[in-house]
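Enquirer:
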Amino acid sequence: MTKITRYQLEKALEQFEYPPELTAEEKDKMRQRKMKKHDVAIVLLHWFNAFTWIFMLATGAALIVSGFYKIAPQFYINIMRGIFSSPADMLQFHIWLGTIWIVVFGAYTIFGYRKYLRRREASQRYNPKSKSWKEKLKAYQCILLGNPAMCIDENDIKWLRIRILHILGKSNEPLPPQGSFNGGQKLYGLLAAIMTPIIMLTGVIMAFHLGPAWIVRWAIPIHFTAVGLVVSGLMIHVYMGAVLPEEKPAFFSMLTGSTSELFLYKHHFNFYKERIVRQFIWRNKSDGGADLKDLLPDRLARSVEQKLEELKDLQPPKIEKPKAKNFWNPYVGGFLLGLLFIFTYFVYGRGLGASSFLSRTGTFLWNLVSPAYTHSNPYWSHYFHDGHTPLGNFMIFEVIGLFIGGFWSGKKAHRNKIEIHKGPNISNTKRIIYSMIGGFFMGLGARIARGCTSGQGLTGGITLSVGGWLFVLVVFAVGYLSAFLFRRLWL
Amino acid sequence: MIAPIFKEISVSIEFQYFLAILIGVAFGYILESSGFGDARVIAAEFYFEDFRMLKVFFAAMVTGAMGILFLNWVGLLDINKIFIPRTYLWGQALGGAVLGFGFGMGGYCPGTSMVSASTGKLDGMAFVFGAFLGTMSFGDIFYGWLKKAYFGGALGRITLPRLFNMNEGVFMLIVVIMAIGIFWLVEKTERDWDPYGKYRGRPKRIIKR
Numbered sequence: 001m002t003k004i005t006r007y008q009l010e011k012a013l014e015q016f017e018y019p020p021e022l023t024a025e026e027k028d029k030m031r032q033r034k035m036k037k038h039d040v041a042i043v044l045l046h047w048f049n050a051f052t053w054i055f056m057l058a059t060g061a062a063l064i065v066s067g068f069y070k071i072a073p074q075f076y077i078n079i080m081r082g083i084f085s086s087p088a089d090m091l092q093f094h095i096w097l098g099t100i101w102i103v104v105f106g107a108y109t110i111f112g113y114r115k116y117l118r119r120r121e122a123s124q125r126y127n128p129k130s131k132s133w134k135e136k137l138k139a140y141q142c143i144l145l146g147n148p149a150m151c152i153d154e155n156d157i158k159w160l161r162i163r164i165l166h167i168l169g170k171s172n173e174p175l176p177p178q179g180s181f182n183g184g185q186k187l188y189g190l191l192a193a194i195m196t197p198i199i200m201l202t203g204v205i206m207a208f209h210l211g212p213a214w215i216v217r218w219a220i221p222i223h224f225t226a227v228g229l230v231v232s233g234l235m236i237h238v239y240m241g242a243v244l245p246e247e248k249p250a251f252f253s254m255l256t257g258s259t260s261e262l263f264l265y266k267h268h269f270n271f272y273k274e275r276i277v278r279q280f281i282w283r284n285k286s287d288g289g290a291d292l293k294d295l296l297p298d299r300l301a302r303s304v305e306q307k308l309e310e311l312k313d314l315q316p317p318k319i320e321k322p323k324a325k326n327f328w329n330p331y332v333g334g335f336l337l338g339l340l341f342i343f344t345y346f347v348y349g350r351g352l353g354a355s356s357f358l359s360r361t362g363t364f365l366w367n368l369v370s371p372a373y374t375h376s377n378p379y380w381s382h383y384f385h386d387g388h389t390p391l392g393n394f395m396i397f398e399v400i401g402l403f404i405g406g407f408w409s410g411k412k413a414h415r416n417k418i419e420i421h422k423g424p425n426i427s428n429t430k431r432i433i434y435s436m437i438g439g440f441f442m443g444l445g446a447r448i449a450r451g452c453t454s455g456q457g458l459t460g461g462i463t464l465s466v467g468g469w470l471f472v473l474v475v476f477a478v479g480y481l482s483a484f485l486f487r488r489l490w491l
Numbered sequence: 001m002i003a004p005i006f007k008e009i010s011v012s013i014e015f016q017y018f019l020a021i022l023i024g025v026a027f028g029y030i031l032e033s034s035g036f037g038d039a040r041v042i043a044a045e046f047y048f049e050d051f052r053m054l055k056v057f058f059a060a061m062v063t064g065a066m067g068i069l070f071l072n073w074v075g076l077l078d079i080n081k082i083f084i085p086r087t088y089l090w091g092q093a094l095g096g097a098v099l100g101f102g103f104g105m106g107g108y109c110p111g112t113s114m115v116s117a118s119t120g121k122l123d124g125m126a127f128v129f130g131a132f133l134g135t136m137s138f139g140d141i142f143y144g145w146l147k148k149a150y151f152g153g154a155l156g157r158i159t160l161p162r163l164f165n166m167n168e169g170v171f172m173l174i175v176v177i178m179a180i181g182i183f184w185l186v187e188k189t190e191r192d193w194d195p196y197g198k199y200r201g202r203p204k205r206i207i208k209r
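Protein chains in written order, with our numbering: chain A, 1 to 491; chain B, 1 to 209.
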């Protein structure tokens, strides 16, 4: 038999839209076999989230004491106060737990994003970017949710419609097969994904009194409403997971990470097919050959093999990635940069810069932690002279624009890509470490010289400032020396 | 004199910040399009391989300086009201040295590293993070130690023509001639001179333009 490619197998399985009926024997066999449903990270995050919510709701309800918003009975509030010895301690607990919650989710978002990108690449493997608005809507959802398997598409809307008709007893249509999450779960996931950042943001605003008073006042009802919406869905979620007997396997899959093949076959047929393809590819690689009869129920395996026989010459469509465009002519780029400086001088009477964005945001963050420190520090305190604030400055907004402009240009020229630029003979880790240390010197030097290559070098150079020219000369001279020392990094 | 506009007429701070964002967008766009989102392109200059960065830098400097001088001559821009970086010889020399050292090591400067981070380059992001730590270390740790150098050699708001007691136009002419000389020299160096050839072990990779 010729080798079956991933694409051929996916296409062959696509022919079976609904799961074919099983014999009792096949059912028995599949009930015994386990299939992976959730990653360890997801299982841990789920239970961390669950316990955090229990504690947060318990303390949160007892913290709401003002007459209009109060929801918990007085005796409950008294009990909770008794446990924490004082309302202030309870508030501290609520804030600390909330902070930990945000940090954990933040870490998951950062480290999980690589996985998201990988999955997105996989889901677009044979389907070049579609332009229809439905596809776009799905893409935006996917960015928010961070997992293509969680995004609602047409199939899910159909599922929701039929499921509701089922509950009302008005339809016998079979439910369309689902991926790893069904339409209802996805809907709740979307609600939680929108509400969670709102809860986090309003919570932080309330806890640390960020911003003017009216923002803090508005944060309170928004926080409560968002929590209320999540809780209303949460009740269904908990009821389904913990009480309904037919959802039992889903509950245990959240403990062990895996569930029986039969459950996935019946309720998540699309996900089942995905797993089969992956197992098939994996077995092909590791054992040197895989038999579909080992993976699929017998009758299905036979018909899939027949389909594969028909599709054996099928090749995946080739997708051409747009090539990165060439850079501008350097003289043209320099001329335009010069014009931009002239314009900025003409309008603002000042030049452009970059590095003070870092010191200003840094001072702003320090100021959140300890205003006493920033106001007494001999250097940082100059950002507060005459009632100024570190963020209320031209440079802050200019650098926000700088990020947008860089991204925009990179997108137009097809240069936006997660990657590491380095010399040919060093490892990625080494490059990142040296880049960070180089950045450290750069940041320090920029402060000592009162500006970086743009803020001191170009601005000083254009205004013919003596110090600016001296700075440029020294930077290039030492740059060549330092480049000689670090030639191994680049050559 | 009608300029600097925002110092002659009062404009709401919101509009000033909004325009600052637009200027930043143009700045980032030009930097990225000129190739500064790629550390290899910037570092190539130090190995006499591709002088793109130096060309952009000096072209911008000459254009900007001429433009400001011209606007002053035709009576539009009041040169006394614009920001000219004050000269502190020791501060700028020491800062330049520290910065130049980091330049060779990391291959970016703060502005270009932000541009590179915005196009998804992880080394650029690491550089921005490092630069953030370095920046903060100055106020938190080094300021007390380096205070003498930081304020050393103060000459105030002084420009080169004033220092040499020269007419601004004449000085500008010298700068332009110098710049043309530099451009000619680096173009020649790119083609003909390769002191790092034995380390590189491959021919020069000059980016097409």
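Glycine is no exception: its CB is placed at the ideal position from the N, C-alpha and C atoms.
Do Asn367 (chain A) and Thr374 (chain A) have their C-beta atoms within less than 8 Å of each other?
Expert: Against the first sequence, residue 367 (chain A) aligns to sequence position 367. Against the first sequence, residue 374 (chain A) aligns to sequence position 374. Yes.
Enquirer: What are the partner residues of Ala154 (chain B), as DSSP defines its beta bridges?
Expert: Locating residue 154 (chain B) in the second sequence gives position 154, counting from the first residue. According to DSSP, Ala154 (chain B) bridges with B:Tyr88.
Enquirer: Consider the Cβ of Glu310 (chain A): report whether some Cβ of chain B lies at a distance smaller than 8 Å.
Expert: The sequence position of residue 310 (chain A) within the first sequence is 310, counting from 1. Output row for Glu310 (chain A): interface = no.
Enquirer: Do we get a CB-CB distance below 8 Å when we pair His94 (chain A) with the residues of chain B?
Expert: Locating residue 94 (chain A) in the first sequence gives position 94, where the first residue counts as 1. No - not a single Cβ of chain B is within 8 Å of the one on His94 (chain A).
Enquirer: Using 8 Å as the cut-off, can you tell me whether the region 476 to 484 of chain A makes contact with the region 176 to 187 of chain B, which would need three or more C-beta pairs spanning the two stretches below that distance?
Expert: Output reads no: the region 176 to 187 of chain B does not touch the region 476 to 484 of chain A.
Enquirer: Residues of chain E with CB closer than 8 Å to the CB of Ile400 (chain A), please, in chain order.
Expert: Given the protein chain composition of this structure (A and B), no chain E is represented.
Enquirer: The region 355 to 380 of chain A: which residues have C-beta closer than 7 Å to a C-beta of chain B, in chain order?
Expert: Residues Ser355, Leu358, Ser359, Gly362, Asn377, Pro378, Tyr379, Trp380.
Enquirer: Less than 8 Å between the C-beta atoms of Ala449 (chain A) and Gly96 (chain B), yes or no?
Expert: The count along the first sequence starts at 1 and reaches residue 449 (chain A) at position 449. The count along the second sequence starts at 1 and reaches residue 96 (chain B) at position 96. Against a cut-off of 8 Å, the Cβ pair of Gly96 (chain B) and Ala449 (chain A) comes out as a contact.
Enquirer: DSSP three-state call for Ala301 (chain A): helix, strand or coil?
Expert: For this step, residue 301 (chain A) is matched to residue 301 along the first sequence. Looking at Ala301 (chain A) - three-state DSSP - the assignment turns out to be helix.
Enquirer: Within the continuous alpha helix (DSSP H) that includes Met178 (chain B), where are the two ends?
Expert: Taking the first residue of the second sequence as position 1, residue 178 (chain B) is located at position 178. Per DSSP, Met178 (chain B) belongs to the alpha helix (DSSP H) from 168 to 192.
Enquirer: Which class does Lys318 (chain A) belong to by DSSP, given the choice of helix, strand or coil?
Expert: Taking the first sequence and counting its residues from 1, the one referred to as residue 318 (chain A) is at position 318. Coil, per DSSP.
Enquirer: Between Ala324 (chain A) and Ser33 (chain B), how many whole angstroms is the CB-CB distance? I'm expecting something under 8 Å.
Expert: Here residue 324 (chain A) corresponds to residue number 324 of the first sequence, with the count starting at 1. Here residue 33 (chain B) corresponds to residue number 33 of the second sequence, with the count starting at 1. Their Cβ separation, rounded to whole angstroms, is 12 Å, which puts Ala324 (chain A) and Ser33 (chain B) out of contact at 8 Å.
Enquirer: Determine, using beta carbons only, whether Cys151 (chain A) comes closer than 8 Å to chain B.
Expert: Translated into the one-based positions of the first sequence, residue 151 (chain A) becomes position 151. Taking Cβ atoms only, chain B never reaches closer than 8 Å to Cys151 (chain A), which makes this a no.
Enquirer: Tell me the DSSP bridge mates of Glu419 (chain A)?
Expert: Here residue 419 (chain A) refers to the residue found at position 419 when the first sequence is read from its first residue. Paired residues: B:Lys121.
Enquirer: Pull up the CB-CB distance for Met30 (chain A) and Leu262 (chain A), whole angstroms please, since I reckon it's below 8 Å.
Expert: On the first sequence, position 30 is the one that residue 30 (chain A) refers to. On the first sequence, position 262 is the one that residue 262 (chain A) refers to. That pair is a contact at about 4 Å.
Enquirer: Less than 8 Å between the beta carbons of Gly153 (chain B) and Leu76 (chain B), yes or no?
Expert: As a position in the second sequence, residue 153 (chain B) is number 153, starting the count at 1. As a position in the second sequence, residue 76 (chain B) is number 76, starting the count at 1. Going by C-beta atoms, Gly153 (chain B) is not nearer than 8 Å to Leu76 (chain B).
Enquirer: Select from A:Trp101, A:Met35, A:Phe384, A:Arg275 the residue whose C-alpha is nearest the C-alpha of Leu9 (chain A).
Expert: For the purposes of this step, residue 9 (chain A) is identified with residue 9 of the first sequence, where counting begins at 1. It is A:Arg275.
Enquirer: When you check each C-beta in the region 455 to 467 of chain A against every C-beta of chain B, which residues fall closer than 9 Å?
Expert: Cβ contacts with chain B come from Gly455, Gln456, Gly457, Leu458, Thr459, Gly460, Gly461, Ile462, Thr463, Leu464, Ser465, Val466, Gly467.
Enquirer: Within the same chain, show all residues whose beta-carbon is closer than 7 Å to that of Thr52 (chain A), passing over the 5 residues directly before and after it, in chain order.
Expert: Within the first sequence, residue 52 (chain A) is the residue found at index 52, counting from 1. Contacts found: Leu97, Trp101.
Enquirer: In chain order, what residues of the same chain lie with their CB nearer than 7 Å to the CB of Met1 (chain A), ignoring the 5 residues before and after it?
Expert: Working through the first sequence from its first residue, we reach residue 1 (chain A) at position 1. For Met1 (chain A), the pLDDT reaches just 49, beneath the cut-off of 50, and the residue's location in the model is therefore unreliable, although a value from the coordinates is still provided. No residues qualify anywhere along the chain.
Enquirer: Going along the region 323 to 338 of chain A in order, which residues come within less than 7 Å of chain B, judged by CB to CB distance?
Expert: From the region 323 to 338 of chain A, only Asn326, Phe327, Trp328, Asn329, Pro330, Tyr331, Gly333, Gly334, Phe335, Leu336, Leu337, Gly338 have a Cβ closer than 7 Å to chain B.
Enquirer: Strictly below 8 Å CB to CB, what residues from chain B border Asn416 (chain A)?
Expert: One-based indexing of the first sequence puts residue 416 (chain A) at position 416. Per Cβ cutoff of 8 Å: Thr119, Gly120.
Enquirer: Identify the continuous alpha helix (DSSP H) that holds Ser286 (chain A) and give its terminal residues.
Expert: The sequence position of residue 286 (chain A) within the first sequence is 286, counting from 1. Taken as a continuous stretch (DSSP letters only), the alpha helix (DSSP H) holding Ser286 (chain A) covers 269 to 286.
Enquirer: List the residues of chain A that Leu173 (chain B) touches, going by C-beta distances under 8 Å, in chain order.
Expert: Within the second sequence, residue 173 (chain B) is the residue found at index 173, counting from 1. Residues of chain A passing the Cβ test: none, with the nearest at roughly 13 Å.
Enquirer: Report yes if the C-beta distance between Arg447 (chain A) and Thr135 (chain B) is below 8 Å; otherwise report no.
Expert: Against the first sequence, residue 447 (chain A) aligns to sequence position 447. Against the second sequence, residue 135 (chain B) aligns to sequence position 135. Result yes, Cβ atoms of Arg447 (chain A) and Thr135 (chain B) sit closer than 8 Å.
Enquirer: What residues from the region 23 to 42 of chain B come within 8 Å of chain A, judged by C-beta to C-beta, listed N to C?
Expert: The residues in question are Ile23, Gly24, Val25, Ala26, Phe27, Gly28, Tyr29, Ile30, Leu31, Glu32, Ser33, Ser34, Gly35, Gly37, Asp38, Ala39, Arg40, Val41.
Enquirer: I'd like the list of long-range same chain contacts for Gly233 (chain A), defined as Cβ closer than 6 Å, with 5 residues on each side in sequence excluded.
Expert: Mapped onto the first sequence, residue 233 (chain A) falls at position 233. Once the five neighbours on either side are set aside, the close Cβ partners of Gly233 (chain A) are Tyr188, Leu191.
Enquirer: Enumerate, from N- to C-terminal direction, the unbroken beta strand (DSSP E) stretches of 3 or more residues contained entirely within the region 412 to 474 of chain A.
Expert: For the region 412 to 474 of chain A, not a single whole beta strand (DSSP E) run of length 3 or above is found.
Enquirer: Where does the unbroken alpha helix (DSSP H) through Thr59 (chain A) begin, and where does it stop?
Expert: Your numbering for residue 59 (chain A) matches position 59 in the first sequence. Where Thr59 (chain A) is concerned, the enclosing alpha helix (DSSP H) stretches over 40 to 63.
Enquirer: Hey, how far is the Cα of Glu187 (chain B) from the Cα of Glu45 (chain B)?
Expert: Locating residue 187 (chain B) in the second sequence gives position 187, counting from the first residue. Locating residue 45 (chain B) in the second sequence gives position 45, counting from the first residue. Whole-angstrom Cα-Cα distance: 12 Å.
Enquirer: Closer than 8 Å, Cβ to Cβ, to anything on chain B: give me those residues from the region 338 to 353 of chain A, in chain order.
Expert: Listed in sequence order: Gly338, Leu339, Leu340, Phe341, Ile342, Phe343, Thr344, Tyr345, Phe346, Val347, Tyr348, Gly349, Arg350, Gly351, Leu352, Gly353.
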